[in-house]
Amino acid sequence: MKNLAVVLGIFLTTISYAQETSVDKEQVLKEVKLKDFGVSISIDSAEELESTFTIADIREILGELNVNEDVSFEVVCNGDKMSNGKTTTLTYKVNGNTSDIDSFLKSVNKIRNAAINYYSNK
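Going by this note's numbering, the sequence shown opens with residue 9, and the numbers climb by one from there.
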């Protein structure tokens, strides 16, 4: 009986101390900063690429970022299966900065067109 009282006392003490933590202050995040922003798209056909995004979509996303943030855009074109069972891939990637959005969007448009040409010539 004495052991039961000791175990019960330790159990109740542990539970009462564990319950004492309270959150009185609420933390409010005032500012969120992004260091790098990247988009990577993996596709299997030109039609899939054309339906996935447009340059206007990318422009809209970039418009919501802060000035002078690094951005990257990547398109991974999945190809045919090889004899070893692995799938061939071709990757186009462009890096830029939000301080020069127009130049970045021109590069995105070039890799988008190059990916479409990859599937057209396949």
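Just so you know, even glycine gets a beta-carbon here, dropped at the ideal spot from N, CA and C.
Given residue i as reference, the closest of the options once Cα atoms are compared
{"i": "Glu77", "options": "Ile69, Asp52 and Asp44", "result": "Asp44"}
{"i": "Glu82", "options": "Lys41, Tyr100 and Asn105", "result": "Tyr100"}
{"i": "Leu73", "options": "Arg120, Gly46 and Lys94", "result": "Gly46"}
{"i": "Thr84", "options": "Leu98, Val102, Ser111 and Ile66", "result": "Reading off the sequence, residue 84 comes out as Val, not Thr. Nearest option by C-alpha distance: Leu98."}
{"i": "Asn121", "options": "Glu58, Asp88, Gly71 and Met90", "result": "Glu58"}
{"i": "Thr96", "options": "Arg67, Lys130, Val102 and Ile119", "result": "Lys130"}
{"i": "Ile109", "options": "Lys89, Met90, Ser91 and Asp65", "result": "Asp65"}
Nonlocal neighbours in the same chain, by C-beta distance under 7 Å from residue i, ignoring five residues either side
{"i": "Ile63", "result": "Leu113, Val116 and Asn117"}
{"i": "Ser107", "result": "Val75 and Asn76"}
{"i": "Ala54", "result": "Ile124, Tyr127 and Ser128"}
C-beta atoms of residue i and residue j nearer than 8 Å
{"i": "Ile51", "j": "Asn86", "result": "yes"}
{"i": "Thr60", "j": "Ile49", "result": "yes"}
Close-in-space but distant-in-sequence residues of the same chain around residue i (CB under 8 Å, 5 per side omitted)
{"i": "Lys41", "result": "Asn74"}
{"i": "Glu39", "result": "none"}
{"i": "Arg67", "result": "Ile109 and Leu113"}
Contacting residues, own chain, Cβ-Cβ under 6 Å from residue i (five flanking each side not counted)
{"i": "Gly1", "result": "Here the chain has residues from 9 to 130 only, and residue 1 is not among them."}
{"i": "Asn103", "result": "Ser80"}
**OP:** With a floor of 3 residues, list each beta strand (DSSP E) that falls wholly inside the segment 39 to 101, ordered by position along the chain.
**Re:** Complete beta strand (DSSP E) runs here, min 3: 44 to 51 and 78 to 89.
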